[in-house]
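Undergrad: Each residue of the sequence shown is one higher than the one before, counting from 548 in this note's numbering.
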Amino acid sequence: MEPPKDLVDVNFTSVMEFVLLGFSDFPNLQMFLFVMFLFIYVVTLMGNGIIILITRTDQTLQTPMYFFLSNFSFLEICYVSVTLPRMLINLWTQKRHISLSACATQMSCVLMFGNIECLLLTVMAYDRYMAICNPLQYPLVMNYKVCVQLVSACWITGVPVEIGQTCQIFSLPFCRSNQINHYFCDIPPILKLACGDIFLNEMMVFTVAVLFVMIPFLLILGSYIKITSTILKLPLATGRAKAFSTCSSHVMVVTLFFGSGIITYLRPKSKNSSRTDKFFSLFYTIVTPMFNPLIYTLRNKDVLMALRKLLP
548 MEPPKDLVDV
558 NFTSVMEFVL
568 LGFSDFPNLQ
578 MFLFVMFLFI
588 YVVTLMGNGI
598 IILITRTDQT
608 LQTPMYFFLS
618 NFSFLEICYV
628 SVTLPRMLIN
638 LWTQKRHISL
648 SACATQMSCV
658 LMFGNIECLL
668 LTVMAYDRYM
678 AICNPLQYPL
688 VMNYKVCVQL
698 VSACWITGVP
708 VEIGQTCQIF
718 SLPFCRSNQI
728 NHYFCDIPPI
738 LKLACGDIFL
748 NEMMVFTVAV
758 LFVMIPFLLI
768 LGSYIKITST
778 ILKLPLATGR
788 AKAFSTCSSH
798 VMVVTLFFGS
808 GIITYLRPKS
818 KNSSRTDKFF
828 SLFYTIVTPM
838 FNPLIYTLRN
848 KDVLMALRKL
858 LP
């Protein structure tokens, strides 16, 4: 069976749009996938929206930990809204075209929000480190002004780097194909379509991944080594259990997000890695934002009490 004319290889001078293949290799599951991803999107918006609402309105949650959590939930809403609406439109209409400018914008936003999430998770780990390892200094060090500055620094740092990287990638000529074997415009499938030498681009991708993924992950790991050591020295078992409980939700989110991100961007690439990239991308772009509210509410008594106050 021959592919449609608009999906065949084209000369780079005529490539004005790409085709997001997404999950087109499952033609009989298109409606099922649409319903499933629509459900995920609604749950993600509602769950993270509720967290933002209760952390801003409940007086018992006016602490640095919940300030960072509300910002993290807002970031998750932004993150999932970059990919899922386009995927839903493609599944519903079966029209998978995306212009170069729209593709570049989507890639820039996905990378930007991803980098900000890495930095914000690191800040949240630092907050837990200060609360558990330096409890006497915690109120002075983690005051409201410092919290706002830390969140602002995450956003300011993440934006310009990814705008520059996206401009660098989309300055390449594309002459192999206009088919992107992915459900959103991500770096690995885009670089596969580029002509010429992409070594500099690949090194840039690796460098940014190390700076925004690997280093934050190592900082978080170092923080939790110190936190674990401090908790184990606590004399009471109840104190140890409470301290571990306040950290466990963050650890679960970090494991999901960083694990899939590191596998996607830092593992050696092969010719048949597209399906693997798609699978792991689902975790850090869709699964983590959806489970974030559940992870933080089901294991947190303060949040559960605030929810009971909110819901009659």
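For every residue, glycine included, the Cβ atom is placed at its ideal position computed from N, Cα and C. Quick caveat, the model's predicted, so the values are computed rather than measured.
1. Give me, in chain order, the residues of the same chain whose beta-carbon lies closer than 7 Å to that of D590; leave out the 5 immediate sequence neighbours on both sides.
2. Anyone know if the C-beta pair for V834 and N725 falls short of 7 Å?
3. Which residue from Q712, M654 and F615 puts its Cα closest to that of N748?
4. Could you round the C-beta distance between G808 and V760 to whole angstroms and report it? I think they count as a contact, below 8 Å.
5. Work out the CA separation of V657 and I710 for me, nearest whole Å.
6. Skipping 5 residues on each side, what residues in its chain have a beta carbon closer than 8 Å to that of F573?
7. By the 10 Å Cβ neighbour count, where 16 or more other Cβ atoms means buried, how is I703 classified, buried or exposed?
8. Is any beta-carbon of chain C found at less than 7 Å from that of S828?
9. F614: which of L779, I624, R603 and L622 sits nearest, CA to CA?
10. Straight-line CA distance for P550 to Y588?
11. Here's a check: name, in chain order, each residue in its chain whose Cβ is nearer than 7 Å to the Cβ of L592, leaving out the five neighbours to either side.
12. Kindly indicate which three-state DSSP category Q726 falls into: helix, strand or coil?
13. Indicate whether I663 and C701 have their beta-carbon atoms separated by less than 7 Å.
14. Measuring CA to CA, which of F731, T607 and M563 is closest to V629?
15. Would you mind sorting S699 into buried or exposed? The rule is 16 or more other CB atoms within 10 Å of its CB.
16. With DSSP collapsed to three states, give me the class of K856.
17. Based on Cα-Cα distance, which residue from I599, R633 and L758 lies nearest to N618?
18. Taking L758 as the reference, give the member of A651, L666 and F586 with the closest Cα.
19. Give the straight-line distance between the Cα atoms of M612 and P720, rounded to the nearest whole angstrom.
20. Identify, in the order they occur along the chain, each residue of the same chain with its Cβ nearer than 7 Å to the Cβ of Y676, setting aside the five sequence neighbours on each side.
21. What span of residues does the alpha helix (DSSP H) with S828 cover, start to end?
TA: Per the coordinate set shown:
1. The residue you call residue 590 lines up with position 43 of the sequence shown. Before going further, note that residue 590 is Val rather than Asp in the sequence given. Here the set comprises M837.
2. As a working note, residue 834 is residue 287 in the sequence shown. As a working note, residue 725 is residue 178 in the sequence shown. The answer is no: Cβ separation not under 7 Å.
3. Walking along the sequence shown from the start, residue 748 turns up at place 201. Considering only alpha carbons, the answer is Q712.
4. For this step, residue 808 is matched to residue 261 along the sequence shown. For this step, residue 760 is matched to residue 213 along the sequence shown. G808 to V760, Cβ: 5 Å. Contact.
5. By one-based count along the sequence shown, residue 710 stands at place 163. By one-based count along the sequence shown, residue 657 stands at place 110. Straight-line Cα distance between these residues: approximately 11 Å.
6. Indexing the sequence shown from 1 puts residue 573 at position 26. Hits under 8 Å: L580.
7. Here residue 703 corresponds to residue number 156 of the sequence shown, with the count starting at 1. I703 is exposed by the Cβ-count criterion.
8. Protein chain content of the structure displayed is limited to a single chain, and chain C is not contained in it.
9. Looking up residue 614 in the sequence shown gives position 67. It is R603 whose Cα lies nearest to the Cα of F614.
10. By 1-based counting over the sequence shown, the position of residue 550 is 3. By 1-based counting over the sequence shown, the position of residue 588 is 41. In this prediction, P550 has a pLDDT of 45, which is less than 50 and means its spatial position is unreliable; what the coordinates show is noted afterwards. Between the C-alpha atoms of P550 and Y588 there is a straight-line separation of about 31 Å.
11. Counting from 1 along the sequence shown, the entry for residue 592 is found at position 45. So the qualifying residues of the chain are I624.
12. Locating residue 726 in the sequence shown gives position 179, counting from the first residue. DSSP places Q726 in strand when its eight states are reduced to three.
13. Residue 663 sits at position 116 when you count from the first residue of the sequence shown. Residue 701 sits at position 154 when you count from the first residue of the sequence shown. Closer than 7 Å, so yes.
14. Locating residue 629 in the sequence shown gives position 82, where the first residue counts as 1. For the residues F731, T607 and M563, the minimum Cα distance to V629 belongs to F731.
15. The count along the sequence shown starts at 1 and reaches residue 699 at position 152. Around the beta carbon of S699, fewer than 16 other beta carbons sit within 10 angstroms, so the residue counts as exposed.
16. Here residue 856 is taken as the residue at index 309 of the sequence shown, counted from 1. Judged by DSSP in its simplified three-state form, K856 adopts helix.
17. To locate residue 618, count along the sequence shown from 1; it is residue 71. Of I599, R633 and L758, the residue nearest in Cα terms is I599.
18. Translated into the one-based positions of the sequence shown, residue 758 becomes position 211. Residue L666 is the option with its Cα nearest to L758.
19. As a first step, residue 612 is located in the sequence shown; it is residue number 65 there, counting from the start. As a first step, residue 720 is located in the sequence shown; it is residue number 173 there, counting from the start. Computed Cα separation, rounded: 46 Å.
20. As a working note, residue 676 is residue 129 in the sequence shown. Contacts found: S770, K773 and I774.
21. Counted from its first residue, the sequence shown places residue 828 at position 281. Start and end: S821 to L829.
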